[in-house]
Amino acid sequence: MCKRILLKYRVLGCGCEFPGRIIYCFYDRLVAMGGFVSSLTPADFPVFMRQAMNLAAEAERAGDVPVGALLVSEGGEVIATGFNTREAACDPCGHAEVNVLRAAAAKLGTWRFPSYTLVVTLEPCVMCAGAIVSARVGRVVFGAWDRAAGACGSLRDVVRDPRVNHQVEVFSGVLEKECETQLLEFFQAKR
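The following block contains the structure:
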């Protein structure tokens, strides 16, 4: 029962009409109902997002779109990090999310991450959302919405599609303006 109620709040709390930050209002109530097992709370997300932004800056220095990601355990330990490497590695799948999942799988010896949180500076695209679902990631936290290719609530919602075998909890808009600015400045410099 609690999980159904939690899913209902997630869907309502993270769509385009209802930005993800609205879900913060429901967080304490959902914890009381037994909805979350991770010790990470929304108050922790900005700390990890800043780390992801530092990784995004590494991607930018390498000539890639500045997107950074990290995978965090339920205890708050950063398990793996990644950033965009499409240009540097000539890899069309070299997105930050795919890179961090590959690094985590190599480190932990598993491809399933149901109790982990993936923090990324930009809303995952369809490819990355598919990888997140396939890896059974428990939660995605992202900064900027991707209105051109987003697949976690803006254009599509791959990670919460009831037709697939795993749905992911989504928190959006964490340091949104700062993440947007990092991307905008990169693209303005390219023009």
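Under our numbering, think of the first position of the sequence shown as 8, with each following residue one higher. By construction, the Cβ of each residue, glycine as well, lies at the ideal position given by its N, Cα and C atoms. Here the structure is a predicted model, which means the values were calculated and not measured.
Terminal residues of the alpha helix (DSSP H) in which Val165 lies: Residue 165 sits at position 158 when you count from the first residue of the sequence shown. Counting along the chain, Val165 falls outside any alpha helix (DSSP H), and DSSP gives it neither H nor E.
Is the CB-CB distance between Ser46 and Glu84 below 7 angstroms? Within the sequence shown, numbered from 1, the residue matching residue 46 stands at position 39. Within the sequence shown, numbered from 1, the residue matching residue 84 stands at position 77. For Ser46 and Glu84, no; Cβs fall outside 7 angstroms.
Sufficient close CB pairs (3 or more, under 8 angstroms) joining the stretch 108 to 122 to the stretch 135 to 150: yes
If we count Cβ pairs, one from each stretch, closer than 8 angstroms, do we get three or more for the stretch 177 to 190 versus the stretch 52 to 64? yes
Which first and last residues belong to the alpha helix (DSSP H) in which Val54 is found? Within the sequence shown, numbered from 1, the residue matching residue 54 stands at position 47. That run of the alpha helix (DSSP H) goes Phe52 to Arg68.
Can you give me the C-alpha to C-alpha distance between Ala69 and Trp152, rounded to a whole angstrom? Your numbering for residue 69 matches position 62 in the sequence shown. Your numbering for residue 152 matches position 145 in the sequence shown. Distance between the alpha carbons of Ala69 and Trp152 is about 23 angstroms.
Between Ala76 and Leu125, which are expected to be in contact by the criterion C-beta below 8 angstroms, what is the C-beta distance as a whole number of angstroms? Residue numbering aside, residue 76 sits at position 69 when the sequence shown is read from its first letter. Residue numbering aside, residue 125 sits at position 118 when the sequence shown is read from its first letter. Sure, about 6 angstroms apart at Cβ, within 8 angstroms.
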